[in-house]
Amino acid sequence: MSRLPLPLLLLLLLLLLLLLGVVVAGAEGAVGDQGLVGTDQTRGHVGFRLEALGSEQRMRFEARVPQEHQERVFNLTAFGAIGDGRHNNSLAMAAALEAVQQSGGGTIYIPPGDFLLAPFNMTSHLVLYLEAGSILRATDRLADWPIIPPMPSYGQGRDHPGPRHASFLHGFNLTDVTVTGNNGTINATGDIWWARHNNGTEVYTRGHLYEVMWSRQLEVSHLTLTHSPFWTVHPVYSQDFRAIDLTILNPPYSPNTDGVDPDSTRDVVIRDCYFSTGDDSVAIKSGWDVYGYTVNISSNNITIENCVFHSPNAAGICLGSEMSGGIANVFARNITMTGCLQGFRIKTGMGRGGYVVNVTVEDVVIENSIQLAVGYNGHYGGHPAGYNPLATPHVYNISLINARGGNNTQIAELVGLPNSQFRALRFQNVHITGKQGWTCSDISGTAQNVTPAACPSLAPMPTP
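Those letters in the sequence shown? Residues -25 to -1, 1 to 439, by mature numbering (1 follows the signal peptide of the UniProt record, and there is no 0).
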């Protein structure tokens, strides 16, 4: 058999390659600007072409999102969502969540746009991914915010007796839930709630931007969260929670808009965050008075690192005041607290019960504090109905190490209880300046290499 001429052979090979390319392209479907491939338009199922995404987005997906969640991606717009800031997309979100649930897990992808939603309950094995330029915006229609029972460890709404409003993103008994993205935004439309609170027309305690209860394997990351009605991120009775690379922006005039509040929750990491809030940037809690120590679930094993906090009406890091189930094993490092009312703060009082123990804050800058750089307060008030005024809290083994900062109004005010002194307080390599120095009562501990000099009740230790 005679051989084909080489030019003809090459031409046939080229035609074969072109034909294969057309077949592959047809099988894949059209690729949009966001690097998505349509695979089942009737169900709104899409799959990420990871090779088409930037390396940063790939890294973020791989950090926490299981492979199967990357392969089962549901674009919210495929369920009829319209990102015009006016159309209520609650039915679309419900359908997308149902698709994730029926698939045994998956990702809901929020493309660029302004998507109005009523509060919704999340489901297990979920990734909610907000693309750059996307906004999830809560409706300002009060009837859309359900009324739910109070938390067992609080016994009532935090601001009012009885039940409370649900949160914008809510969930109970969940496993493996990640709310993440490429710096998309969640806006919980707090303005209407703050106005009702301030003018006295509020009936039930406000909801949060995000609250999960009795859940595990949780993450909120790579997002901007803003305008929370009440505390912004609130994991309760949960385990294995991470807040990574979050920006939280609540105006200084917004009441009670804490940043991240782990509450009776253990194994927590808060890392690489910037918070500017109307209340505490981070407040660790564990229940309120008799309800808290009856439920008796502590907040335990919490790490806060590499963050900047700005809270002109409250603290950068606060433990309490709702600490009746106990707070233990907290470690914070590489934190800048700037322009806060108080930098590092502990709040408790008679009636709380509970304990705050084994806390270390190190390598921190506390500067421009409006009131105090460091404040430990054993006389904090505010109680639910039926509390026991004799329930005594205990605070001990609290360390502040390698702290510096200037232009504070006062360096420190440490006030324990006559019947329960704050014990084993340790200050080492602390060089914080202020217009006023240290005031102390009902406390004991040590001070080593502290300037200006600490209280006499903190025994001086020689510098090694």
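Glycine included, every Cβ here is placed at the ideal spot set by N, Cα and C.
Exercise for review: Under 6 Å Cβ to Cβ from ALA422, same chain only, skipping five residues before and after it: list those, please.
Suggested key: PHE402, ALA429, LEU433, PRO435
Check your understanding: For the putative contact between ILE418 and LEU389, defined by C-beta atoms under 8 Å, what is the C-beta separation to the nearest angstrom?
Key -> 5 Å
Point to revise | Close-in-space but distant-in-sequence residues of the same chain around ARG379 (CB under 7 Å, 5 per side omitted) | key: VAL340, HIS406, ILE407
Practice item. Take PRO121 and list the residues in its own chain whose beta-carbon comes closer than 6 Å to its own, dropping the five residues that flank it on each side. Key: ALA141
Point to revise | Buried or exposed (CB count within 10 angstroms, at least 16 for buried), HIS145 | key: buried
Point to revise | Residue from ASP254, ILE310, VAL257, PHE95 whose Cα sits closest to the Cα of ILE112 | key: Per the sequence shown, the amino acid found at residue 112 is Arg instead of Ile. Selected option, being the one with the closest Cα: PHE95.
Check your understanding: Whose C-beta lies closer than 6 Å to the C-beta of ARG217 among residues of the same chain, with five residues either side of it excluded?
Key -> GLU194, VAL244
Exercise for review: At 3 residues or longer, and completely inside the region 52 to 129: list those beta strand (DSSP E) runs for me, N to C.
Suggested key: 59 to 63, 81 to 85, 88 to 92, 101 to 105, 109 to 113
Check your understanding: So, helix, strand or coil for VAL211, using DSSP?
Key -> strand
Check your understanding: Identify the residues that DSSP records as bridge partners of THR278: which are they?
Key -> VAL244, PHE306
Exercise for review: Measure the C-alpha to C-alpha separation of TRP168 and THR269 and round it to an integer number of angstroms.
Suggested key: 31 Å
Review point. Along the chain, where does the alpha helix (DSSP H) that runs through VAL270 open and close?
Key: 264 to 270
Review point. Helix, strand or coil for ILE345 per DSSP?
Key: coil
Review point. How do the region 347 to 357 and the region 239 to 253 stand: do at least 3 beta-carbon pairs fall below 8 Å, yes or no?
Key: no
Review point. According to the neighbour-count rule (16 or more other Cβ atoms, all chains shown, within 10 Å of its Cβ), is ARG61 buried or exposed?
Key: exposed
Check your understanding: Can you tell which of THR323, GLY262, THR82, ALA290 has the C-alpha that lies nearest to the C-alpha of THR153?
Key -> THR82
Point to revise | Residue from SER239, GLY301, THR313, ALA307 whose Cα sits closest to the Cα of PRO127 | key: SER239
Check your understanding: Cβ of PHE287 within 7 Å of Cβ of GLY314?
Key -> This sequence places Pro at residue 287; Phe is not what is there. In contact: PRO287 and GLY314 (Cβ atoms closer than 7 Å).
**Study point:** Endpoints, alpha helix (DSSP H) assigned at ALA170
**Key:** 166 to 174
Check your understanding: What residues are listed by DSSP as bridge partners for LEU149?
Key -> Beta-bridge pairing links LEU149 to no other residue.
Exercise for review: Kindly give me the distance between the Cβ atoms of HIS183 and SER203, rounded to whole angstroms, as I take these residues to be in contact under 8 Å.
Suggested key: 6 Å
Check your understanding: Straight-line CA distance for LEU316 to ALA290?
Key -> 6 Å
Review point. Nearest CA to the CA of VAL102: which residue from ILE272, PRO359, SER196?
Key: SER196
Point to revise | Element boundaries [beta strand (DSSP E), containing CYS430] | key: No beta strand (DSSP E) contains CYS430, which DSSP labels as neither H nor E.
**Study point:** Option in THR426, PRO437, ILE386, TRP206 with minimal Cα separation from CYS415
**Key:** ILE386
Point to revise | Assigned exposure category for ASP151 - 16 Cβ within 10 Å defines buried | key: buried
Point to revise | 6 Å Cβ shell around ARG171 - same chain, five flanking residues per side excluded | key: GLU177
Check your understanding: By how many angstroms is the C-alpha of GLN77 removed from the C-alpha of SER99?
Key -> 11 Å
Exercise for review: Report the residue from LEU375, ASP166, LEU72, THR323 whose alpha carbon sits nearest the alpha carbon of PRO227.
Suggested key: ASP166
Exercise for review: Let me know if ALA53 comes out buried or exposed under the rule of 16 or more other beta-carbons within 10 Å of its beta-carbon.
Suggested key: buried
Check your understanding: Mind checking whether ILE85 and LEU117 have CB atoms under 7 Å apart?
Key -> no
Practice item. On a CA-only basis, which of ASN363, HIS354, TYR179 is nearest VAL370? Give me that one, please. Key: HIS354
Exercise for review: Under 6 Å Cβ to Cβ from SER374, same chain only, skipping five residues before and after it: list those, please.
Suggested key: THR335, ARG401
Practice item. Note down the Cα distance separating GLY253 from LEU221, rounded to an integer number of angstroms. Key: 16 Å
Review point. Looking at the structure shown, is GLU186 part of a helix, part of a strand, or coil, going by DSSP?
Key: strand
**Study point:** THR311 to GLY137 span [Cα, whole Å]
**Key:** 38 Å
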